[in-house]
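*Asks:* If you scroll down you'll find the structure; I have some questions about it.
Numbering (the working numbering), first residue to last: 564 to 747.
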């Protein structure tokens with residue numbers, strides 16, 4: 564059966580008329596902030612205390628928009644007779660958000676959980692050179708990172724926790740046996 568000539572036009576006009584008669588739902592953005600879904604990708608926050616300056620985030624970034632500077636510092640031995648150790652100290656951590664493509668690779672490869680997604684999205688600048696944010700600004704955004712979602716109550720317990728619990732139960736049982744033997 565061949566279509567009736569002009570039926571596509573009639574369907575299109577019907578959709579247009581239906582849309583025109585509905586009330587629009589426009590949020591007045593600067594006055595009313597939008598309700599963002601949890602775990603929204605806004606900007607990247609830095610938890611500086613966890614950063615060991617391993618440079619994985621900067622090396623894996625496809626845009627090369629992460630800039631890290633550090634220096635080595637000697638740490639005295641923890642115990643007498645020990646040897647001195649050296650550790651990296653973070654001098655500069657900056658992200659150029661004019662280059663960043665928000666892929667999240669830097670967050671995924673960080674082995675020490677120093678980078679997180681923050682839901683902050685209002686960081687527009689009038690000059691593109693001001694979109695390079697240093698560690699102080701990244702640290703401020705860290706405190707806006709929401710807590711991770713709770714684990715599913717019906718999920719299987721992680722193997723590491725189950726093994727630790729079994730070891731703790733065996734240790735508690737072994738400590739309880741001598742005490743019971745001495746009481747009788």
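Beta carbons are placed, not taken as given, at the ideal position from N, Cα and C, and that holds for glycine.
Measuring CB atoms only, is the region 643-654 touching the region 613-626, in the sense that at least three cross pairs come out at less than 8 Å?
*Replies:* Output reads yes: the region 613-626 touches the region 643-654.
*Asks:* Out of 658, 639, 672, 703, state which residue places its alpha-carbon closest to the alpha-carbon of residue 692.
*Replies:* The shortest C-alpha separation from residue 692 is found at 658.
*Asks:* Measuring alpha carbon to alpha carbon, tell me which of 685, 664, 741, 717 ends up nearest residue 629.
*Replies:* That would be 664, whose Cα lies nearest to the Cα of residue 629.
*Asks:* To the nearest whole angstrom, what separates the beta carbons of residue 678 and residue 620, a pair I think is in contact under 8 Å?
*Replies:* 6 Å between Cβ atoms; contact.
*Asks:* Quick one: what does DSSP say residue 678 is sitting in, helix, strand or coil?
*Replies:* Looking at residue 678 - three-state DSSP - the assignment turns out to be strand.
*Asks:* Measure the alpha-carbon distance for residue 726 versus residue 733 and round it to whole angstroms.
*Replies:* Rounded to the nearest angstrom, the two C-alpha atoms are 11 Å apart.
*Asks:* Taking the C-alpha atoms as reference points, what is the distance between residue 708 and residue 680?
*Replies:* Roughly 7 Å between the two C-alpha positions.
*Asks:* Helix, strand or coil for residue 701 per DSSP?
*Replies:* Here residue 701 sits in helix by DSSP.
*Asks:* Taking a contact to mean a Cβ-Cβ separation below 7 Å, would you say residue 595 touches residue 683 in this structure?
*Replies:* Not closer than 7 Å, so no.
*Asks:* In or out: residue 675 buried (at least 16 other Cβ within 10 Å) or exposed?
*Replies:* Burial call: exposed.
*Asks:* Under 8 Å Cβ to Cβ from residue 640, same chain only, skipping five residues before and after it: list those, please.
*Replies:* Hits under 8 Å: 646, 647, 648.
*Asks:* With DSSP run on the structure shown, which of helix, strand or coil describes residue 641?
*Replies:* Looking at residue 641 - three-state DSSP - the assignment turns out to be coil, as it is neither helix nor strand.
*Asks:* Please classify residue 631 as buried or exposed, where buried requires at least 16 other C-beta atoms within 10 Å of its C-beta.
*Replies:* Residue 631 is buried by the Cβ-count criterion.
*Asks:* Where does residue 571 fall in DSSP's three states?
*Replies:* Helix.
*Asks:* Is residue 609 closer than 7 Å to residue 701 when the C-beta atoms are compared?
*Replies:* For residue 701 and residue 609, yes; Cβs fall inside 7 Å.
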